[in-house]
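Order-wise, the sequence lines are chains A and B.
Here my numbering is used: position 92 in the first sequence is 92, and no number is missing along the way.
Here my numbering is used: position 262 in the second sequence is 614, and no number is missing along the way.
Idealized CB from N, CA, C, for every residue including glycine.
Reviewing the structure listed below.
Protein chains: 2
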Amino acid sequence: MSSVVIAPIAESLAAFLQKNNFSFIATIVDNHTYRHCYPAIKPLLNKHTLIRIKSGEEQKHLQTCETIWEALTKANFDRHALVLNLGGGVIGDMGGFCAATYKRGITFAQIPTTLLSQVDASVGGKLGIDFQGFKNHIGVFQLPETVLIDTAFLKTLPASELRSGFAEIIKHCLIADGAKWDEIRRKELADQDWQDLVAHSVAVKQRVVEQDPTEKGLRKILNFGHTLGHAVETYFLTRSAEAAPKRGGQTGRLLHGEAIAVGMIAEAYIAFTRQMIEERLLAQIEEYVFSVYGRVALTDADIEPILALTLQDKKNKGKQVRMALLDGYGSCAYDIAVTKTEMQQALDYYRG
Amino acid sequence: MSSVVIAPIAESLAAFLQKNNFSFIATIVDNHTYRHCYPAIKPLLNKHTLIRIKSGEEQKHLQTCETIWEALTKANFDRHALVLNLGGGVIGDMGGFCAATYKRGITFAQIPTTLLSQVDASVGGKLGIDFQGFKNHIGVFQLPETVLIDTAFLKTLPASELRSGFAEIIKHCLIADGAKWDEIRRKELADQDWQDLVAHSVAVKQRVVEQDPTEKGLRKILNFGHTLGHAVETYFLTRSAEAAPKRGGQTGRLLHGEAIAVGMIAEAYIAFTRQMIEERLLAQIEEYVFSVYGRVALTDADIEPILALTLQDKKNKGKQVRMALLDGYGSCAYDIAVTKTEMQQALDYYRG
């Protein structure tokens, strides 16, 4: 298991570099973290190669990997080099994938700067890129040497990003800690204690991943809300910003957590219809998640393509869609085959 | 450790498929193995996806991977699918890399059809592709589920390919088994017992890889002859066929084993000058390797670019070239820093 250090980055990064002796260091940033986060770590690094890429999920593809591999090659990086991924999930997943495949793998460390990557992407060693419209379709499992989390970076985020990351915190509570769920659902988003929630989510995720690093079994519970959530996310990703419907007063792309919020309500409904959870829990989830995320407007025409996309989910077996479904208060089961009709009804339920 | 089965493919593949329950099967072939080897396995497979690519090392790049990933995606391959790599090192390394990164890794099996891949590439889980002229620059370590070796496939090879693969057999004897070295060096190439030698090489390689799967230490001895050998190979690879000098009466590209033969003599010379091996062993290596491979004509102008290419060797630390050097009869040391002057003198010695 990689170490996860939650502390001011000036302390944690300095300690990490002092403990190790890297031949070369590269820092991968996007335009956002270059401006807002890189200044905090630059003074801690000596000579290093800065690799700056554009911001956004649409950069998470093979061509960007080629740019990164080329930069490492040109700087003569050897197997004793370090790659620091300073950014959100895109930088972490893609920079990690590039490091894990450069010369068959060099050391990398994650410095997640978004709430989403602090509570989810940076822990657990899932790396990868999108391919032909499919999310994280090409990748590997490889743990980073360390994960350095500084919640001060969260202050650089727009409110929508904070809200997006919060969906994974909700998920971690729902699948593993009913008491924590009771705690967070009684607070507004603005009143949450991020330092505490980040530590809680990391602990939940690490405990699960430790038992099943490559997702043969238990780890699949982390996918609660993600079968339909990913399909919704991919669907909106492949549509142009103009074509996307209004959502909670906003137009444009759906953020990851916003899509997972849809998935959590819809999949909780499936769990309820199968009598795996009580109506009370479904009602709690619905009430709270709608209050934070609003209701994404889905038209009749959206449903079929969303359902089709669930067929590409990595947890499926053959043409059988398999879900992680809640089976209690703070508890989740996995590998449950669900039918297309069930998913359709769940999305209908979501639409109200 | 993956199982390695040396047996007629009709037996070994049938048994492997019967033991497992794959949702989908893809077979990756090149033009050569499509014609000469695929007919032997086709009757053993039910419905499967055939992925056929052009033959040759120059196909071992990212664009071909995209073709393979796309074929798997279009056929809706899930995580319970199998990829069979039927071919030499190019197919095995690249097909394995594609399988190991598709949806973060699906099962693959190697069916090596060349001597080189039977005694080397298929065992040990080194996967990858060339990138911007650097061999195996992008890749991962991932063991195949099984390796199915049928020496009957060797009959489909041109003599030059058999000779190329034999270089790795020589290497395995030199680094790990002095008695076997005495046995093979007393026989002509045509008189060698391939079934016996393949089993011997696989055993040597597995023993080493088992102790150090990701090449942190001991595994580096398998790189004897490969620091200068790879540089020579890359150098000739990047030159056009016309520009390549005459070698042993042939023109055109240098095969992997032919380049490793250069490396083994040159690196044995470095070991000798450092008093790590006796003159008698150097003389034996020189005599036998030249008798099998002839002497590759290297001009003054070739030396500098070859030396420059050693800087990209994966075993280096920073700008320091590190070699595996013989340190006895059937014994090898690793991580030994050598100077550019030593390498230059070694190539001069090779040139005679």
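Proximity test, Cβ basis, 7 Å: residue i and chain A
i, result
"residue 453(B)", "yes"
"residue 670(B)", "yes"
"residue 491(B)", "yes"
"residue 456(B)", "yes"
"residue 687(B)", "no"
"residue 487(B)", "no"
"residue 523(B)", "no"
"residue 557(B)", "no"
"residue 432(B)", "yes"
Alpha carbon of residue i to alpha carbon of residue j, nearest angstrom
i, j, result
"residue 343(A)", "residue 63(A)", "35 Å"
"residue 307(A)", "residue 170(A)", "24 Å"
"residue 245(A)", "residue 154(A)", "Confidence is the limiting factor: at residue 245(A) the pLDDT is only 46, short of 50, which leaves the residue's position unreliable and the question unanswerable from this model."
"residue 118(A)", "residue 301(A)", "35 Å"
"residue 43(A)", "residue 49(A)", "14 Å"
"residue 626(B)", "residue 693(B)", "13 Å"
"residue 480(B)", "residue 689(B)", "26 Å"
"residue 352(A)", "residue 272(A)", "16 Å"
"residue 265(A)", "residue 293(A)", "11 Å"
"residue 677(B)", "residue 61(A)", "41 Å"
"residue 546(B)", "residue 503(B)", "7 Å"
"residue 385(B)", "residue 439(B)", "6 Å"
"residue 639(B)", "residue 45(A)", "53 Å"
"residue 655(B)", "residue 315(A)", "53 Å"
Endpoints, the alpha helix (DSSP H) within which residue i is located
i, result
"residue 446(B)", "441-453"
"residue 152(A)", "Looking at the DSSP string, residue 152(A) is not in any alpha helix (DSSP H), and its letter there is neither H nor E."
"residue 159(A)", "159-176"
"residue 22(A)", "No alpha helix (DSSP H) holds residue 22(A); DSSP gives it neither H nor E."
"residue 391(B)", "390-393"
"residue 68(A)", "62-74"
"residue 553(B)", "546-563"
"residue 588(B)", "578-589"
One or two residues paired with residue i in a DSSP bridge
i, result
"residue 332(A)", "326(A)"
"residue 404(B)", "381(B)"
"residue 486(B)", "483(B)"
"residue 107(A)", "82(A)"
"residue 320(A)", "317(A)"
"residue 689(B)", "674(B)"
"residue 491(B)", "480(B)"
"residue 112(A)", "87(A)"
Residue i at chain B interface by Cβ criterion, 7 Å
i, result
"residue 354(A)", "The structure shown does not extend to residue 354(A), since chain A is modelled only from 1 through 352, so no value can be given for it."
"residue 219(A)", "no"
"residue 35(A)", "no"
"residue 314(A)", "yes"
For residue i, the first and last residue of its enclosing beta strand (DSSP E)
i, result
"residue 625(B)", "Residue 625(B) -> not in any beta strand (DSSP E); alpha helix (DSSP H) instead, spanning 608-625."
"residue 500(B)", "498-501"
"residue 291(A)", "Residue 291(A) -> not in any beta strand (DSSP E); alpha helix (DSSP H) instead, spanning 279-293."
"residue 5(A)", "3-6"
Closer than 6 Å: residue i CB and nearest the ligand ADP heavy atom
i, result
"residue 280(A)", "Judged by which ligands are present, the structure shown has none, so any question about the ligand ADP falls away."
Quiz item: Name the residues in the region 367-379 of chain B whose C-beta lies less than 9 Å from a C-beta of chain D; which are they?
Solution: Absent from the structure is chain D; the protein chains it does hold are A and B.
Quiz item: Are there three or more Cβ pairs, one per stretch, closer than 8 Å when the region 320-333 of chain A is compared with the region 224-243 of chain A?
Solution: yes
Practice problem: Determine, using beta-carbon pairs with one atom in the region 329-349 of chain A and one in the region 164-180 of chain A, whether at least three such pairs fall under 8 Å. | Solution: yes
Quiz item: On the three-pair Cβ rule with 8 Å, is the region 374-384 of chain B touching the region 482-501 of chain B?
Solution: Not touching, per the Cβ criterion.
Exercise. Decide if the region 93-108 of chain A is in contact with the region 180-194 of chain A; the criterion is three or more beta carbon pairs, one per stretch, under 8 Å apart.
Key: Look at the beta carbons and you see the region 93-108 of chain A not touching the region 180-194 of chain A: under three pairs across the two are nearer than 8 Å.
Quiz item: For the 8 Å Cβ check, are there 3 or more pairs between the region 431-438 of chain B and the region 376-386 of chain B?
Solution: yes
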